[in-house]
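What follows is a single structure, written as structure tokens, with notes after it.
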Amino acid sequence: MQTGVQQAKARRLRSRKDRPCDACRQRKSACIVTTCLPCRYCQSKGQDCTFTSTPSQRARQAASCVKVQRWRTTRAQCSSGKLIEDDEPLQKVGTYEPMSPDMLSCLLEGDPKVELQDGETLDLKDMSFVSPVSLPQTPFPTPDDDISVAQLHSLSQVTYDQGTAKLCVPQTMSNLDGLGGESLDESIGLTALFLGPSSDQDANLLSSMRMNMAIINGAARRSVDANVRQVHAGDIMANVPPVHFNIVPDSCPERDIRTKEIASEKIESHVGEHADALVRLYFRFIHPAFPVLSKARFLQAYCLHRRSIPASLRGVVYGLACAFWEHSPVLKPFPRISHTDLFECAHLALNREFDSPKLATLQACLLLLHESPPVTGTTENPRNWTLACQAISCAQNLGLHCDPSLWNIPTWEKALRKKLWWMCFTTEKWASLTHGNPSHIPQSSFDTTDLTLTEALIDEDVACSPYGRVISERDRGCNQTRAINLLETINLAKKLGILLEYSYPIRGSVLSTSESAVLDHSLYVLNAELDSWYALLPQCLTLDFTHGSGGVCTNGSLHLAYFAVKSLVLRAMMSPATPLSKANPFSNLRTYFDSSLEEFRQYVKLVSSIRAVELDAFWGRQARTHLVHAGNFLIYLFLCASTAEQVEKSYSLLEAYRYSLRALAAAATDNSMGMLRPALLRTESFFREAAGAMRKDEKH
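In the working numbering, the protein residues as written are 8 to 707.
Take a look at the structure:
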């Protein structure tokens with residue numbers, strides 16, 4: 008046996024020019040050598056890249072090895088976090104089969120590599136076998152035990168209770184394994200980039216080829232720049248094209264590598280020993296309201312090797328958590344660290360990570376948008392619009408705008424991809440509303456199916472995982488209420504997308520009388536759908552629903568977003584707001600004025616119901632824009648009033664709104680004041696100018 012393709016003997020007759028190594032030949036996969044040995048597969052496994060010039064004939068596989076294959080498959084499918092009985096475990100549902108003596112002999116004797124029916128090789132060295140004899144005697148930690156990140160490395164992930172003869176498989180482990188093919192996101196040193204319909208490769212042609220395509224550059228040596236992986240074969244009869252990804256090596260200039268390393272070191276040195284407490288705060292306040300992370304996977308990576316998490320994501324997690332420094336009894340005695348330095352390092356690293364984007368890169372993009380605004384800021388920074396569009400570009404590079412339901416990837420990754428896409432969609436629609444710019448996501452540009460509640464909760468339960476010990480006990484389980492909140496926020500963003508595309512285009516058009524009637528009717532239907540959506544919200548999303556021992560309502564941001572969207576719908580229905588419309592008793596402005604005024608009494612009631620403890624929660628950066636939009640609509644109603652009665656009613660409503668904002672500002676902290684300040688300043692400015700406006704109306 009030789010140690011490489013280059014050292015092999017002369018080729019036999021009719022043999023191929025570039026024979027794969029032993030491991031790749033047994034796997035029936037392409038043997039990719041970038042510059043020199045070993046190949047990528049052997050390098051990822053940490054094994055020798057060997058080549059046998061005269062391999063032995065493949066032997067017929069024994070029945071016991073067939074059971075090994077079945078055992079290996081069902082072992083990956085075990086997804087229950089409950090205790091599994093050894094007698095009648097999961098045979099009834101086909102997820103577990105006890106190992107027979109023949110299987111054990113096949114596993115423990117002879118060559119540790121067993122060849123399976125599908126041509127894949129089962130390397131027994133890489134497998135962990137669990138038996139009652141070899142399992143540790145230490146019981147699994149109880150939820151009340153204290154544990155540090157360092158102790159997590161010594162914990163067994165699977166335990167055996169000799170008293171009850173039960174095997175405990177943590178729920179998180181089964182979620183992390185998942186079902187399906189290999190992950191697109193977890194290939195070390197490789198990045199999967201989506202090949203769209205207009206890319207340089209034809210999807211149907213690639214699908215018809217039986218080998219992975221490689222781009223070969225250079226006449227002197229063989230250098231593979233990219234590899235193509237098919238995740239879905241498509242269906243020609245149903246007009247569903249195949250889906251491919253370009254698998255490219257992670258590469259960036261040396262200066263960018265140094266920049267990322269410097270940013271990572273600065274982030275860790277800045278947080279120091281407070282890292283664990285900041286992560287705990289993040290999952291206490293930010294994650295329930297904006298669940299962009301996979302809780303189980305992030306905590307596992309953080310506990311095993313936190314620097315494996317990209318510097319941009321670590322920096323933004325630490326930075327967002329700093330806003331709640333006073334809520335941690337561990338951090339409260341220490342002076343608060345500067346979150347601006349953490350965000351600066353996160354931005355610095357993110358700009359370099361775009362060369363090889365991963366799902367973590369997109370997660371960092373979305374979280375960076377929620378940096379606490381400066382207290383003196385009264386308008387949104389245009390950089391946020393650029394960051395939102397940057398997140399959409401990153402998502403499209405990763406193929407998140409395509410439905411992954413039928414792809415050959417793990418189940419957890421399908422769910423995470425769908426969740427990230429819809430959170431990108433929602434973020435971009437809020438940014439479009441904030442800055443008044445056209446959306447970058449037309450309805451024809453994606454086909455990702457709706458996120459389900461089950462998918463939203465995947466990898467959210469870490470109660471049985473040792474890695475969940477980092478966060479508070481009350482934050483380890485699934486929070487179904489906040490998951491439902493996320494789904495309804497997405498539904499609201501969809502309605503906003505329809506409204507922006509239909510009623511607020513940049514390119515206007517001159518409509519005939521009949522076309523105007525159709526436009527008004529469509530807006531009326533959309534307004535009715537919004538009313539129905541708001542009236543049918545689940546009980547857990549109402550303003551009366553409180554969560555936790557403190558009796559805190561966490562649904563205020565959803566209701567605030569509703570009134571911001573509602574203000575846009577009503578403005579479109581009442582358009583145009585001109586002196587002629589005010590004078591015409593049959594205009595849209597006067598037709599819908601009284602009903603709009605009554606509807607926004609509920610908005611003033613919402614603002615007055617917010618308590619200081621709820622104001623101090625995480626509302627998201629978009630919340631202050633929603634306050635501004637809804638508050639400006641109250642001013643809009645006052646200025647559009649055409650009768651003395653309407654002027655009086657709209658003015659009194661504004662006074663009540665002003666009083667509520669002042670009460671909130673009196674109890675606000677520095678963090679929450681950044682959300683209130685723009686709306687409060689606009690309202691105060693109106694009251695300074697209101698007297699002059701009313702005198703002008705009296706003259707006319």
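Even glycine gets a Cβ: it sits at the ideal position worked out from N, Cα and C.
Item: Classification of Leu327 by the beta-carbon crowding that lies within 10 angstroms, buried from 16 upward; Value: buried
Item: CB of Ala284 within 7 Å of CB of Leu320, strictly; Value: no
Item: Contacting residues, own chain, Cβ-Cβ under 6 Å from Phe6 (five flanking each side not counted); Value: In the structure as shown, the chain starts at 8 and stops at 707, and residue 6 therefore has no counterpart that could be examined.
Item: CB contact flag (Leu376, Leu394, <7 Å); Value: yes
Item: Those runs of the alpha helix (DSSP H) which lie wholly inside the stretch 618-653 and span at least 4 residues; Value: 619-622, 629-647
Item: Stretch-stretch touch, CB-based, cutoff 8 Å, three pairs: the stretch 568-580 with the stretch 599-612; Value: yes
Item: Among Met680, Thr41, Cys485, Leu533, the one whose alpha carbon lies nearest that of His4; Value: It is not possible to answer for residue 4, since the shown part of the chain is limited to 8 through 707.
Item: DSSP state of Ala422 mapped onto helix, strand, coil; Value: helix
Item: Delimiting residues of the beta strand (DSSP E) encompassing Leu200; Value: 197-202
Item: Burial state of Glu301 (16 or more Cβ within 10 Å); Value: The sequence shown places Ser at residue 301, not Glu. Buried is the call here.
Item: CA-to-CA distance, Leu366 to Leu407, given in whole angstroms; Value: 10 Å
Item: Check whether Leu644 and Ser659 have beta carbons under 7 Å apart; Value: no
Item: Beta strand (DSSP E) segments (min. 3 residues) lying fully within the stretch 231-257; Value: 250-256
Item: Neighbour-count burial assignment, Asn278, 16 or more Cβ in a 10 Å radius; Value: It is worth fixing the name first, because residue 278 is Val in this sequence and not Asn. Label assigned to Val278: buried.
Item: Reference Lys436, options Trp414, Pro449, Lys426, closest by Cα; Value: Pro449
Item: Reduced DSSP category for Val337 - H, G, I as helix; E, B as strand; rest coil; Value: coil
Item: Closer than 7 Å to chain B by CB, Ser379; Value: Absence of chain B from the displayed structure is noted, only one protein chain being present.
Item: Residues sharing a beta bridge with Phe552, DSSP; Value: Looking at the DSSP assignment, Phe552 forms no beta bridge with any residue, so it has no partner.
Item: Collapsed DSSP secondary structure at Val286 in the structure displayed; Value: helix
Item: Touch test, the stretch 404-423 against the stretch 541-551, Cβ-Cβ under 8 Å, three pairs minimum; Value: no
Item: Classification of Gly322 by the beta-carbon crowding that lies within 10 angstroms, buried from 16 upward; Value: buried
Item: Where the alpha helix (DSSP H) through Phe305 begins and ends; Value: 302-312
Item: For Phe350, the three-state DSSP class (helix, strand or coil); Value: helix
Item: Distance between Leu565 and Leu687 (C-alpha atoms, nearest Å); Value: 20 Å
Item: Alpha-carbon spacing of Gly475 relative to Asp466, whole angstroms; Value: 11 Å
Item: Residues of its chain near Leu364, where Cβ-Cβ distance is below 7 Å and the 5 sequence neighbours each way are ignored; Value: Reading off the sequence, residue 364 comes out as Pro, not Leu. Excluding residues within five positions, the ones whose Cβ falls inside 7 Å are Thr198, Cys401, Asn404, Leu405.
Item: Alpha carbon of Ala240 to alpha carbon of Asn415, nearest angstrom; Value: 9 Å
Item: Contact under 7 Å by Cβ, Arg631 with Met682; Value: yes
Item: Option in Ile195, Met244, Glu189, Asp29 with minimal Cα separation from Asn211; Value: Met244
Item: Distance, Pro249 Cα to Pro204 Cα; Value: 10 Å
Item: DSSP beta-bridge partners of Phe331; Value: Paired residues: none, contrary to the question.
Item: Buried or exposed (CB count within 10 angstroms, at least 16 for buried), Leu537; Value: buried
Item: Leu518 versus His633 - alpha carbon distance; Value: Unreliable placement is indicated for Leu518, whose pLDDT of 49 sits below 50; no coordinate value is reported for it.
Item: Whole alpha helix (DSSP H) elements within the stretch 465-538, 4-residue minimum; Value: 487-510
Item: As assigned by DSSP and simplified to three states, the class of Phe694; Value: helix
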